[in-house]
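Working notes, beginning with the structure itself.
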Amino acid sequence: MAKMQKPLQFKQPQKSYDVVIVGGGLHGLAAAYYLARYHGIKRIAVLERRYIGSGGSGRNTEMVRANKRAHETLPFYKESLEMWDGLSSELEWNLMVQKKGLIALAHSDPELAAMRMLSDSQRRAGIKIEMLNPKELKKLVPALDVSDRPALPIFGAQFHPEGGTVHHDAAVWGYAKACARYGVDICVGVEVTGFNIDAGKVTGVQTSAGHIAAGKVHVAVGGYSSEIGRMIGMKFPVTTIVMQVMTTDIMAPFLDYYVASPRLHFYTQQTLKGDLILGGPLDHFQSWGSYTTWEESADRAVKIVEYFPDLAHVRIVRTWSGICDCTGDSAPVMGGCGIDGLSLDIAWGYYGFKAVPASGKYSAEYIATGKMPEKIRHFGLDRFYNRRLVREIIL
Amino acid sequence: MAFLIDCPNCGRRNPYEFKFGGECKRAPDEGADMRAWCDYLFLHDNMPGFQDEWWFHAMGCKDWIKVRRNIATHEIRAIEETSP
């Protein structure tokens, strides 16, 4: 029988810590966990102003994958994808990792050609990728309409067998409990209101629970990095945009894979519960207010029914949204920001969930050693000034 | 949608008819260094409050308009036509 675990207890912050992490989402908790477990740092606090996993960590579409584009980032995403595999046993918590496989549809010959090139660069980075023709595709996903009836018929697809889903709330609790086991103080309801910076070095944070001295401060605040920027007198290369998600009625299992269309920008999967999660593009305008719209729901309904005509009677029953900090090049900002002891792990747009284990690991390495790890070298803030933008795509 | 945009040419319209053009920013002066141009290009105020921003009415009059909108509440204060 499994060992009984102590329930997770939130703490009141102490007066001083070696490392203070701002943001109790997956990125913050993961960084705290790897710092405590692998870098031997004892006094760590994670400050969260609402509840853990309240932002993007609990609002994403649970997709994990490594079929990205830019060669600088492929090894990073590959490692992250592999890290999810062993994470349930490492954290002693079932994260419901399901490597169900991801199918990306192509709707024209040029798109198929581009997808082949993409696949080649992904294979070169050691990521398993196959190309499928419509016949093979139909075998994997019988409900998919591969005929020439849709306005944009399916010409082929890219199959990424290692892609899949992870339960995002389970991941939040897994990391939080593991953090607590290694002595990290997780403080919820504590809002950071300012930073103490002394001669170019960070010395602590001001919070709603008083001043906290800190040797190092790590910022992992999801959709709120511009607020942190204003506290330290910096602007970040981000705009805040809303991402909406819809789920449908619960149905008998019929869809074994994650199906995405980069061209139409929609993606869907059937959860273990039986409902379909409908993902899509970010909204096209800046917004700090969370909302869901009829327009987006209708758009996704049209797209899904176009390729899964049997779903015409199915209803969208639930919607939610979250805010994302997006850079112009669809890559995050990690590492230093010119203030000694202050490190960033921000601007994850809406591709941050899959990157959690690796970004936690390398953020921890950066905090502990002060040296930028090779795998995240391209994510530094300096890339915006050195003409080294990451050539990434959104989906 | 939570808000509508009063297009000076077309009337009250859904924001999904428009293309969002981002914050209105002031370009660096002539002779500014590369760093100033990078700042201008990539950095954003991104402040939850009122901001002046560009919208292009792609499914309407094809005109760029300047909108003063609260990006947290979507309240719109002023709309300005910009084409001659």
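Chains as they are written, first to last, in the working numbering: chain L, 7 to 401; chain B, -5 to 78. C-beta atoms are modelled at their ideal positions from N, C-alpha and C, and glycine is treated no differently. Predicted model, so just to flag it, every value in this text is computed and none were measured.
Q: Could you tell me if L/C343 is buried or exposed, where buried requires 16 or more neighbouring beta carbons within 10 angstroms of its beta carbon?
A: Taking the first sequence and counting its residues from 1, one reaches residue 343 of chain L at position 337. Under a 10 Å Cβ-count criterion, L/C343 is classified as buried, with 16 or more other Cβ atoms of the shown protein chains found around its own Cβ.
Q: Determine which residues share a DSSP beta bridge with L/E136 and list them.
A: In the first sequence, counting from the first residue as 1, residue 136 of chain L sits at position 130. Answer is L/F165.
Q.
Just to make sure I have the definition right: I need the residues of chain L whose C-beta is within less than 8 Å of the C-beta of B/M41. Which are they?
A. Walking along the second sequence from the start, residue 41 of chain B turns up at place 47. Neighbours of B/M41 on chain L, chain order: S232, R236.
Q) With 8 Å set as the bound, which would you pick, yes or no: does the beta-carbon of B/H51 sit closer than that to a beta-carbon of chain L? A) Here residue 51 of chain B corresponds to residue number 57 of the second sequence, with the count starting at 1. False, the Cβ-Cβ gap to chain L never drops below 8 Å.
Q: With distances taken Cα to Cα, identify the nearest neighbour of L/E380 among L/R43, L/P81, L/P19.
A: In the first sequence, residue 380 of chain L corresponds to position 374, counting from 1. Ranking the options by Cα distance to L/E380, first place goes to L/P81.
Q. Closest to B/D39 by CA distance: which of B/A26, B/G16, B/D0 is it?
A. Residue mapping note: residue 39 of chain B aligns to position 45 of the second sequence, counting from 1. Among B/A26, B/G16, B/D0, the Cα nearest to that of B/D39 is on B/G16.
Q: Answer yes if the segment 177 to 192 of chain L comes into contact with the segment 289 to 309 of chain L, meaning at least three C-beta pairs across the two stretches below 8 Å, and no otherwise.
A: Output reads no: the segment 177 to 192 of chain L does not touch the segment 289 to 309 of chain L.
Q: Name, in chain order, the residues that DSSP records as bridge partners for L/H224.
A: Within the first sequence, numbered from 1, the residue matching residue 224 of chain L stands at position 218. The partner list for L/H224 (beta bridge, DSSP) reads L/I27, L/S349.
Q. Does any CB atom of chain L fall closer than 8 Å to the CB of B/P78?
A. Stepping through the second sequence from its first residue, residue 78 of chain B is reached at position 84. Confidence at B/P78 is low in this model, with a pLDDT of 49, below 50, so its placement is unreliable and the value that follows should be read with caution. Not flagged as an interface residue toward chain L: B/P78, since no C-beta distance is shorter than 8 Å.
Q. When you compare only the Cα positions, how much space is there between L/E312 and L/G285?
A. Residue numbering aside, residue 312 of chain L sits at position 306 when the first sequence is read from its first letter. Residue numbering aside, residue 285 of chain L sits at position 279 when the first sequence is read from its first letter. C-alpha separation (whole angstroms): 15 Å.
Q.
At a CB distance below 8 Å, what residues from the segment 291 to 304 of chain L approach chain B? Give them in sequence order.
A. From the segment 291 to 304 of chain L, only F291, Q292, S293, W294, G295, Y297, T299, W300, E301 have a Cβ closer than 8 Å to chain B.
Q. If you draw a straight line from the alpha carbon of L/G64 to that of L/K279, how long is it in whole angstroms?
A. Working through the first sequence from its first residue, we reach residue 64 of chain L at position 58. Working through the first sequence from its first residue, we reach residue 279 of chain L at position 273. Between L/G64 and L/K279, the C-alpha separation is close to 17 Å.
Q: Have a look at L/D281, L/R306, L/G195 and flag the residue whose alpha-carbon is nearest the alpha-carbon of L/R56.
A: Working through the first sequence from its first residue, we reach residue 56 of chain L at position 50. A check of alpha carbon separations from L/R56 across L/D281, L/R306, L/G195 identifies L/G195 as the nearest.
Q: Taking L/G32 and L/A177 to be in contact with their CB atoms under 8 Å, please state how far apart those CB atoms are, rounded to whole angstroms.
A: Here residue 32 of chain L is taken as the residue at index 26 of the first sequence, counted from 1. Here residue 177 of chain L is taken as the residue at index 171 of the first sequence, counted from 1. The question names Gly, but residue 32 of chain L in the sequence shown is Leu. Indeed they touch by this definition, with Cβ atoms about 6 Å apart.
**Q.** Integer Cβ distance of L/G365 from L/A36, believed to fall under 8 Å
**A.** By one-based count along the first sequence, residue 365 of chain L stands at place 359. By one-based count along the first sequence, residue 36 of chain L stands at place 30. A quick correction: the sequence has Ser, not Gly, at residue 365 of chain L. With 8 Å as the limit, L/S365 and L/A36 qualify as a contact, their Cβ atoms being about 7 Å apart.
Q: Taking C-beta pairs closer than 9 Å, name the residues in chain B that L/T245 reaches, listed in chain order.
A: Position 239 of the first sequence, counted from the first residue, corresponds to residue 245 of chain L. Within chain B, the residues near L/T245 are G16, E17, H38, N40.
Q: Taking 8 Å as the threshold, find out whether the segment 67 to 84 of chain L comes into contact with the segment 264 to 280 of chain L through three or more Cβ pairs.
A: These segments touch.
Q. Do you know offhand how far L/E168's Cα is from L/I133's?
A. The count along the first sequence starts at 1 and reaches residue 168 of chain L at position 162. The count along the first sequence starts at 1 and reaches residue 133 of chain L at position 127. Between the alpha carbons of L/E168 and L/I133 lies a distance of about 8 Å.
Q | L/K207 versus L/K222, L/T199, L/V227, residue with shortest Cα-Cα distance | A | Along the first sequence, read from residue 1 onward, the residue named residue 207 of chain L stands at position 201. Comparing alpha carbon positions, the residue from L/K222, L/T199, L/V227 closest to L/K207 is L/K222.
(Q) Counting only beta-carbon separations shorter than 8 Å, does B/I65 have a partner in chain A? (A) As a matter of chain content, chain A is missing from the structure shown, whose protein chains are L and B.
Q | Same chain, Cβ closer than 7 Å to L/V25, five either side skipped, listed in chain order | A | Position 19 of the first sequence, counted from the start, is the residue given in the question as residue 25 of chain L. L41, I47, I50, A220, G221, K222, H224, I373.
Q.
Once the 5 residues before and after B/M53 are set aside, which same chain residues still bring their CB inside 7 Å of it?
A. On the second sequence, residue 53 of chain B is found 59 positions in, with the first residue counted as 1. Within its own chain, the residues whose Cβ lies closer than 7 Å to the Cβ of B/M53, once the five positions on either side in sequence are excluded, are E11, listed in chain order.
Q.
Determine, for B/C1, whether the minimum Cβ-Cβ distance to residues of chain L falls below 8 Å.
A. As a first step, residue 1 of chain B must be located in the second sequence, where it is residue number 7. For B/C1, no CB of chain L lies under 8 Å from its own CB, so it is not counted at the interface with that chain.
Q | Distance between beta carbons of L/T325 and L/G355, contact taken as under 8 Å | A | In the first sequence, the residue the question calls residue 355 of chain L occupies position 349. In the first sequence, the residue the question calls residue 325 of chain L occupies position 319. That belief does not hold up - the Cβ atoms of L/G355 and L/T325 are roughly 20 Å apart, past 8 Å.
Q. How big is the Cα-Cα spacing for L/I27 and L/L53?
A. One-based indexing of the first sequence puts residue 27 of chain L at position 21. One-based indexing of the first sequence puts residue 53 of chain L at position 47. Going from the Cα of L/I27 to the Cα of L/L53 covers about 6 Å.
Q) Mind checking whether L/S125 and L/I135 have CB atoms under 8 Å apart? A) Here residue 125 of chain L refers to the residue found at position 119 of the first sequence. Here residue 135 of chain L refers to the residue found at position 129 of the first sequence. Going by C-beta atoms, L/S125 is nearer than 8 Å to L/I135.
**Q.** Proximal residues to L/L270 (C-beta, below 6 Å), its chain only, five neighbours per side dropped
**A.** As a first step, residue 270 of chain L is located in the first sequence; it is residue number 264 there, counting from the start. A distance below 6 Å between beta-carbons, with the five flanking residues on each side excluded, links L/L270 to the following residues of its chain, in chain order: K309.
Q: Find the nearest neighbour of B/A21 within the set B/F44, B/R63, B/C32, judged by alpha-carbon distance.
A: Taking the second sequence and counting its residues from 1, one reaches residue 21 of chain B at position 27. Nearest Cα to B/A21 within the set B/F44, B/R63, B/C32: B/C32.
Q | Beta carbon of L/G29 nearer than 8 Å to that of L/G228 | A | One-based indexing of the first sequence puts residue 29 of chain L at position 23. One-based indexing of the first sequence puts residue 228 of chain L at position 222. Judged by beta-carbon spacing, L/G228 lies within the 8 Å limit of L/G29, meaning their Cβ atoms are closer than that value.
Q | beta strand (DSSP E) segments (min. 3 residues) lying fully within the segment 240 to 296 of chain L | A | Runs found: 245 to 256, 264 to 267, 272 to 276, 281 to 285, 288 to 292.
Q: Figure out for me which residue from L/F385, L/G347, L/W179, L/M121 has the closest Cα to the Cα of L/A205.
A: Translated into the one-based positions of the first sequence, residue 205 of chain L becomes position 199. It is L/G347 whose Cα lies nearest to the Cα of L/A205.
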